[in-house]
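Take a look at the structure below.
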Amino acid sequence: MLFKMPEQRDWAMDDINNGIIPSWSNSGTYVGIGALKNSDVLTAVSYVASSVARFPLVVLDDEKNETKKIKSVDYLLNKHPNDTLSAYHWKFIMTVNAILTGDAFTRIIRDPKTGDPLELQYFPTSQTYIDDSDVKDIKYEFTPINIKGESNTIIVDAKDVIHFMFFTYDGIHGRSPLLSLGDEIGLQEDGISTLRRFFKSGLKGGILKMSGSKLNKESRKKARLEFEYAQNGGTAGSPIVMDSTMDYTPIEVDTNILQLINSNNYSTSQIAKALHIPAYKLAVNSPNQSIKQLNEDFIKSDLPYYFKPVTSNLEMTMLTDRQRHNYHIEFDTRRETGLTADEVNKLANNTVITPNEGRVLMGIPKSDNKDLDRFQSTLNTVFLDKKESYQDSEKGGEHSDNRFGNSSSDGPADAGEDSTD
């Protein structure tokens, strides 16, 4: 009979390696909150998180692309998710944790009668476990350790958990992009350490020779300490007295190496690339575009990497199945990326959109004026459905010139008859 020994695993080390438990590694591998010790990572993460948090989430109709008000969804996602967090800070910390650890979790507390969401309860990744033993019935286990009166594990179905993960290899677990930056961040840390050691040494170094002497280890150490004492502290700058048996040669340092270390932007640009942010945000280069163009390009090209995973998960958890068939959730960026007044005016005059649709595309609420829901055309922006009747009744020329009480068909011939009489 064969016996299989149970596998011995260090669960704490597994969680550290997966970025669940915050930690710091001197090897240059950053996981968890320890990654924020690096200024480039801090800047990049805070920039992405603030960008995600500052835009409101809206529910839109699939056919008309109009905003639909679902009070419980709008209130929790944009105003007051729970008693301890604002909507901004809830989206901010969810984004930060999803980047640093790969996952971010929030439990949805629902009305027991209607099933509508009532509160969003955030849990750190260190207090959350995903039970994926049955991939068709995923369970989330929350074990609060800092909430009075709640110490037991709470088991929740996947439909009642908001789970942010920007990169995933199985659809169940997220993976932090920082885990791929170990070498780059290690290179940056080594360069900074080299600079610190150089400046800490006082920009000097040298070789002290004791001619005609054979010194043991202790004697060499004593001579070095006495020589260093003569150059540091209160005696710094004083003349150094040596006899004929001593010879001091300063070591020349190639400052080009220090300049190379100081100007090396490789690690910084790799951090920007991995986190999908423009390199200029980390002071790598100076762009030649306007701030408005750069901002629009970031929102349209880079932020969808973060927006879509968030909105798709919110649709699965915050909307009912019937609502998902008719509505979808988006980040409302129209105030910064919407159409300009000139663009809306051109589209409205060419009967592409109605004026009210143009207001929506500009990020302005629709007007209650029903005429603004009608297509407009030229002829001083007459309504399109009135254009034909207006032209038929008011057509000028020989057929309908009634300015003098008669039509142009009675013109020359009739005028001649009247004159002969």
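With full-length UniProt numbering, the residue at position 387 of the sequence shown is 387, and numbering never jumps.
Note that the Cβ used here is the ideal one computed from N, Cα and C, for glycine as well.
Where Thr340 and Asp61 are concerned, what is the direct C-alpha to C-alpha distance, given to the nearest angstrom? On the sequence shown, position 340 is the one that residue 340 refers to. On the sequence shown, position 61 is the one that residue 61 refers to. Each residue's Cα considered, the two are about 23 Å apart.
Leaving out five residues before and five after Arg324 in sequence, what residues of the same chain have Cβ atoms less than 8 Å from its Cβ?
The sequence position of residue 324 within the sequence shown is 324, counting from 1. Glu315 and Met316, listed in sequence order.
Min CB distance Lys346 to chain C below 7 Å:
Here chain C cannot be found, since the structure has a single protein chain.
Next on the checklist: Using a Cβ-Cβ cutoff of less than 6 Å, which residues in the same chain neighbour residue 427 once the five nearest sequence positions on both sides are dropped?
Outcome noted: Residue 427 is absent from the model: the chain starts at 1 and stops at 421.
Which of helix, strand or coil DSSP assigns to Leu53: Along the sequence shown, read from residue 1 onward, the residue named residue 53 stands at position 53. The sequence given here places Ala at residue 53; Leu does not occur at that position. DSSP places Ala53 in helix when its eight states are reduced to three.
* Asked: From Val52, Ala35 and Arg374, pick the residue whose C-alpha is nearest to that of Leu178; which is it?
  -> Residue 178 sits at position 178 when you count from the first residue of the sequence shown. Closest option to Leu178, Cα to Cα, is Ala35.
_According to DSSP, is Thr153 part of a helix, a strand, or is it coil?_
Taking the first residue of the sequence shown as 1, we reach residue 153 at position 153. Thr153 falls in the coil class under three-state DSSP.
Anyone know if the C-beta pair for Lys366 and Arg374 falls short of 7 Å? On the sequence shown, position 366 is the one that residue 366 refers to. On the sequence shown, position 374 is the one that residue 374 refers to. Between Lys366 and Arg374, the C-beta spacing is not below 7 Å.
If I follow the unbroken alpha helix (DSSP H) through Gln293, where does it start and stop? On the sequence shown, residue 293 is found 293 positions in, with the first residue counted as 1. Start and end: Ile291 to Asp297.
Q) Cα separation between Tyr305 and Phe166? A) Taking the first residue of the sequence shown as position 1, residue 305 is located at position 305. Taking the first residue of the sequence shown as position 1, residue 166 is located at position 166. Cα-Cα distance, rounded: 7 Å.
Point to revise | Whole beta strand (DSSP E) elements within the region 286-364, 3-residue minimum | key: 327-331
Residue nearest to Ile109 in terms of C-alpha spacing, selected from Tyr327, Phe123, Phe92 and Glu66 | As a position in the sequence shown, residue 109 is number 109, starting the count at 1. Cα-wise, what sits closest to Ile109 is Phe123.
Using a 10 Å radius around the Cβ and a threshold of 16 neighbouring Cβ atoms, would you call Ser389 buried or exposed? Counting from one through the sequence shown, the residue named residue 389 turns up at place 389. Exposed.
* Asked: Bridge partners of Pro117, per DSSP?
  -> Within the sequence shown, the letter at position 117 stands for residue 117. Bridge partners of Pro117: Arg110.
Would you call the CB atoms of Leu187 and Ser267 closer than 7 Å?
Here residue 187 corresponds to residue number 187 of the sequence shown, with the count starting at 1. Here residue 267 corresponds to residue number 267 of the sequence shown, with the count starting at 1. By the CB criterion at 7 Å, Leu187 and Ser267 fall inside the cutoff.
- prompt: Under the rule that 16 or more other beta-carbon atoms within 10 Å means buried, what is Glu343, buried or exposed?
  reply: Here the question's residue 343 lines up with position 343 in the sequence shown. It is exposed - the Cβ of Glu343 has fewer than 16 other Cβ atoms within 10 Å.
So, is Ser176 buried or exposed, given that buried needs 16 or more other C-beta atoms within 10 angstroms?
Numbered from its first residue, the sequence shown carries residue 176 at position 176. Label assigned to Ser176: buried.
Limits of the unbroken alpha helix (DSSP H) element including Asp74 | Along the sequence shown, read from residue 1 onward, the residue named residue 74 stands at position 74. Counting along the chain, the alpha helix (DSSP H) containing Asp74 begins and ends at Lys71 to Asn78.
Check: Residues in its own chain within less than 6 Å of Thr29 by CB, not counting five upstream and five downstream?
Finding: Here residue 29 refers to the residue found at position 29 of the sequence shown. Note on Thr29: pLDDT 47, under 50, position unreliable in the model; the coordinate value appears next. Cβ within range, chain order: Gly182.
Do Arg107 and Val59 come within 7 Å of each other at the CB atom, strictly closer than that value? The residue given as residue 59 occupies position 59 in the sequence shown. The residue given as residue 107 occupies position 107 in the sequence shown. Cβ atoms of Val59 and Arg107: not closer than 7 Å.
* Asked: Are there three or more Cβ pairs, one per stretch, closer than 8 Å when the region 124-139 is compared with the region 272-287?
  -> no
Residues bridged to Gly174 by DSSP? In the sequence shown, the residue the question calls residue 174 occupies position 174. Bridge partners of Gly174: Thr168.
Would Ala53 pass as a contact of Lys91 if the rule is Cβ separation under 7 Å? Against the sequence shown, residue 53 aligns to sequence position 53. Against the sequence shown, residue 91 aligns to sequence position 91. Yes; because the gap between Cβ atoms is below 7 Å, this pair is in contact.
Only counting the same chain, and skipping five residues up and downstream in sequence, which positions put a Cβ closer than 7 Å to that of Asn285? In the sequence shown, the residue the question calls residue 285 occupies position 285. Result list for Asn285: Ala279, in chain order.
Q: Please report how far the alpha carbon of Asn349 lies from the alpha carbon of Leu372, in whole angstroms.
A: In the sequence shown, residue 349 corresponds to position 349, counting from 1. In the sequence shown, residue 372 corresponds to position 372, counting from 1. Each residue's Cα considered, the two are about 12 Å apart.
Quiz prompt | Burial state of Ser301 (16 or more Cβ within 10 Å) | solution = Taking the first residue of the sequence shown as position 1, residue 301 is located at position 301. Under this definition Ser301 is an exposed residue.
- [ ] Mark residue 448 as exposed unless 16 or more other C-beta atoms lie within 10 angstroms of its C-beta, in which case mark it buried.
- [x] Limits of the chain in this structure are 1 at one end and 421 at the other, which puts residue 448 out of reach.
Open item on the list: Can you tell me whether Ile291 is buried or exposed? The criterion is at least 16 other CB atoms within 10 Å of its CB, across all chains shown.
Closed with: By one-based count along the sequence shown, residue 291 stands at place 291. So Ile291 ends up on the exposed side.
| request: List the endpoints of the continuous beta strand (DSSP E) containing Ile277. | output: Here residue 277 refers to the residue found at position 277 of the sequence shown. Careful: Ile277 lies outside any beta strand (DSSP E) and carries neither H nor E.
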